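Below: one structure, written as structure tokens.
There are 2 protein chains.
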Amino acid sequence: MKRKKFLLNEKDIPQAWYNVISDMKHKPSPLIHPSTKQPLEVEDLSPLFSKAASEQELNTTERWIEIPDEVRDMYRIWRPTPLVRAEGLEKFLDTPAHIYFKNESVSPVGSHKLNSAIAQAYYCKKEGVTNITTETGAGQWGAALSLAAKHFGLELAVYMVKISYNQKPYRRSIMQTYGAEVISSPSMSTKAGRKIITDNPTYQGSLGTAISEAVELAMSTPNCKYVLGSVLNHVALHQTVIGLEAEKQMEMAGEYPDVVIACFGGGSNFSGIAFPFLRHKLNGERPETRFVAAEPASCPKLTRGVFQYDFGDEAGYTPLIPMYTLGHNFCPANIHAGGLRYHGGGAIISQLKRDDYIEAVDIQQLDTFKAATLFARCEGIIPAPESSHAIAAAIDEALKCKVTGEKKTILFNLSGHGLIDMTAYDRYFANDLTNYEVTPEDIAKTTKDLEKIL
Amino acid sequence: MKRKKFLLNEKDIPQAWYNVISDMKHKPSPLIHPSTKQPLEVEDLSPLFSKAASEQELNTTERWIEIPDEVRDMYRIWRPTPLVRAEGLEKFLDTPAHIYFKNESVSPVGSHKLNSAIAQAYYCKKEGVTNITTETGAGQWGAALSLAAKHFGLELAVYMVKISYNQKPYRRSIMQTYGAEVISSPSMSTKAGRKIITDNPTYQGSLGTAISEAVELAMSTPNCKYVLGSVLNHVALHQTVIGLEAEKQMEMAGEYPDVVIACFGGGSNFSGIAFPFLRHKLNGERPETRFVAAEPASCPKLTRGVFQYDFGDEAGYTPLIPMYTLGHNFCPANIHAGGLRYHGGGAIISQLKRDDYIEAVDIQQLDTFKAATLFARCEGIIPAPESSHAIAAAIDEALKCKVTGEKKTILFNLSGHGLIDMTAYDRYFANDLTNYEVTPEDIAKTTKDLEKIL
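Those protein sequences? They're chains F and S, same order as listed. If you use our numbering, the first sequence closes out at 540, no skipped numbers anywhere. If you use our numbering, the second sequence closes out at 540, no skipped numbers anywhere.
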């Protein structure tokens, strides 16, 4: 047997990001200003984000957006990443399907998040910004941005969701090793945080809350910008390097995916692997390709949320986003896939879901760890709890092929490794993890007043 | 600036390992049987090790030993590894030196240890072995062997040094995720462990003790072999893929190293990067190249040990090895670089040191973490505490060049990443780490009776 790993050269690192909106017939509805209730313009966004990110956020026409040399140079630290045929897994499952994964775990911080962190830090630096701030769930995004900020000489403060701050101390240490300041969220350092702590002293935090805190800090600090690791269009844009590389690599493998799968929190890695392949579906060349977002059953916005304008954060500081949402006050269970604990699906993905270009499945926590352990033993790589949702969904597809006898080609994104999530595995092996059910009543509680926001 | 990273193709993964002994004028003295006091033959070793490993251990004549296809195929999971010019570090140090590092941290378990784990597991499988056992210090070797054992369908029991078992629970979890059994050493499961626990109930373990336990288990279990991650000749042999790749990559860079540096515990990663370059010194082509082993000041066998026949383990089960040693009863301080807490230098390295082909330096714990933090911030990769010894030594060399103005080319091996060692970094940032001094009296205590062993 010769292991099938498909490697590109550095010159194959994409020269431009792919802007999927340019090819969508139904564009997402506009982002709305939370006070004026008017569609957002670049000048509304640019006090908060870098000007370049603000422009990218609202760019609905340009198909390709050039990647600056400084960004591509940093991509060279670990890109291009390998595409691997998971033959060990196929053999174990005894499936006729071919399973491929794009290995984004090889970055020095262990996940795909660096793809956008580098771009955003670069634009901030170029525009003369000195300080940046962000939120992080499991810590993957915060770790990536810490490295990028240090590289470009920016000071960084990270609000880290309290449950992860306590459950994943290693990721906190990683951020500190790169020189970032890390604050457990909710914190007493912001109005938004103080209110939440006062209302609910045992609250374990959420991405929505941490975003509120970071946004508040950015708005009240001179020469400070806010940087987001998912959800928004410009983040999805930066992540398309994943799928653009994978497209070339699938060509090397002589196959084209029948189904493309990624885990889904705010959409960054899903967009990254899916959009470049999706463009061939949008233009009618590949109408049959399926795209599957694998979300946690405990935070099922795409499968069970409502489509409404909603805030991106808990406190209501951000623009209003047209999206599938569980409500910005939805508090997801404390699953170990901290990066997927986000209430909304973002504007692009939600529109694509409405138009049936993509599907979503929800996966229970215990199924993700079962899939993760199997993958580690078959393929040698211990996956992040987030990425394990994609693995579980890929295994489901492969097992369906076993029943039908179909030789489908399945591609999933391994968004990160789990070497810093071993306490979660420990708990799984100790039978100390559980599944979580979200009832229609839970969802109704946090979505019932959403239509009144606008 | 264009980042200088030198990548090879899969076809450049070496076809054969390099056996340095074949080129040594003064061969190491033979391994001695602990009971008969006679030089060891293959049949003395093969009850304990696989036959292939036993033959490789005593092979002093063949220069190149073919790498089996099954082993090369598994190498493809992550090999070839990149060679990187550390321009960020050079710039920070403001040195005229060129610093390169071979990045062995990209393996799925985060270190170079897989290079030998795969080979040894393969040979055991091929010879019909069903169970294997080993020891591990920080857990890098144990994690690597767990993956390799699972791949080849072998049951594995790992004795993990107690201090690391407690300090580095993530590495224990990694081994368990791959399906291995992990036992804290000293344990009550072996005679050797029981004796040590009885004599010294608070003993935190050492590699020497863990080796005793693993050897005892292997000798008393049917169809079970012992597998070692360092010190012995065949392990050094397997690691030469590192230096063989690096040699081609330095050619791509258009330079040849003036000094080759690696951290030193039992010699596996040092041998791996050094021996392929050393062959050009042994044959007179490159007489000026320096080779520097960077060992911890708390375990200074090459810089301050005695050259004697000594056991490889605490209990005296292993063959007697002619080497620089601190005595098999030497108990190193509880530094975080657990993989370097070994009392002896191995036969090949010790002979090369006697013959002045290689040098050694000892590095204090605080200096290693200072170097590690600087490296992380300049190059983006958080190094393992072990590898940080090599970084500290490389920085010393680069700073000497700054004084003299010499444009030396420095190559070091980044043997592993530190993402699973973040508690150590936490303690460093909290000023909770210390240096350790070893006095001549300490060393005299554990070396005074060594000459009586033979």
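Ideal Cβ placement from N, Cα and C applies to all residues, glycine included. The structure displayed is predicted, hence computed values, not measured ones.
- Looking at F/E374, F/G391, F/V327, the one whose alpha-carbon comes closest to that of F/P382 is F/G391.
- Residue ranges of uninterrupted beta strand (DSSP E) with 3 or more members, entirely inside the segment 149-195 of chain S and ordered along the chain, are 150-152, 169-171, 184-189.
- Contact note: F/I359 does not reach chain S at a C-beta cutoff of 9 Å; the least C-beta distance is about 20 Å.
- Closer than 8 Å at the C-beta level to chain S, one finds no residue of the segment 129-149 of chain F.
- With its beta carbon at least 7 Å from every one in chain S, F/T216 lies outside the interface.
- Between the C-alpha atoms of F/F356 and S/K494 there is a straight-line separation of about 46 Å.
- When DSSP states are grouped into helix, strand and coil, S/Y256 belongs to the helix group.
- Boundaries of the alpha helix (DSSP H) around F/Y208: 200-212.
- Nearest in C-alpha terms to S/E299, of all of S/Y312, S/P308, S/T288, is S/Y312.
- Residue-level contact check: F/Y251 does not touch chain S, since none of the beta carbons of chain S fall below 7 Å from its beta carbon.
- In the structure shown, the three-state DSSP call for S/E537 is helix.
- Per DSSP, F/N499 lies in no alpha helix (DSSP H) segment; the continuous beta strand (DSSP E) that holds it begins and ends at 495-500.
- Two segments are said to touch when three or more pairs of C-beta atoms, one from each, lie closer than 8 Å; by this definition the segment 435-451 of chain F does not touch the segment 331-341 of chain F.
- Going by DSSP, F/I449 is part of the beta strand (DSSP E) stretching over 445-449.
- Think of a sphere of 8 Å around the beta carbon of S/T459: the chain F residues whose beta carbon falls inside it are T263, in chain order.
- Restricting attention to S/A230, S/I282, S/G239, the CA atom closest to the CA of S/R258 is found in S/A230.
- Comparing C-alpha distances from S/I204 to each of S/R149, S/L323, S/W150 shows the shortest one belongs to S/L323.
- Listed in chain order, the positions of the segment 172-205 of chain F with a beta carbon within less than 7 Å of a beta carbon of chain S are V192, P194, G196.
- Residues of chain S whose Cβ lies closer than 9 Å to the Cβ of F/L93 are, in chain order, L93, N95, E96.
- S/R513: member of the alpha helix (DSSP H) spanning 508-515, first to last residue.
- Proximity of S/A235 to chain F, defined by a Cβ-Cβ separation below 7 Å, is not satisfied.
- Apart from sequence neighbours up to five positions away, the residues of its chain that approach F/P373 with a beta-carbon distance below 8 Å are K367, ordered along the chain.
- In the displayed model, F/A401 falls within coil according to three-state DSSP, outside both helix and strand.
- Residue-level contact by beta carbon holds for F/Y511 and chain S, with a gap shorter than 7 Å.
- With at least 16 other beta carbons inside 10 angstroms of its own, S/S136 counts as buried.
- Rounded to the nearest angstrom, the gap between the Cα atoms of S/L519 and S/Q253 is 13 Å.
- By DSSP's assignment, S/R376 forms a beta bridge with S/V345.
- F/A102 is bridged by DSSP to F/E152.
- The C-beta of F/G466 comes closer than 7 Å to at least one C-beta of chain S.
- Close CB contacts of F/D448 within its chain, under the 6 Å cut and outside five residues either way in sequence, are with E381, A383, P386, T389 (chain order).
- Annotation for F/P100: V327, L330 place their beta carbon closer than 6 Å to its own, counting only its chain and skipping 5 residues before and after.
- By the Cβ rule, the segment 184-193 of chain S does not count as touching the segment 131-150 of chain S, because fewer than three pairs are nearer than 8 Å.
- With respect to S/W227, S/G315 sits close: the two C-beta atoms are nearer than 7 Å.
- Less than 7 Å separates the beta-carbon of F/I467 from that of S/P194.
- Contact of F/F515 with chain S by beta-carbon distance below 7 Å involves Q262.
- A Cβ-Cβ contact shorter than 7 Å links F/V317 with F/G432.
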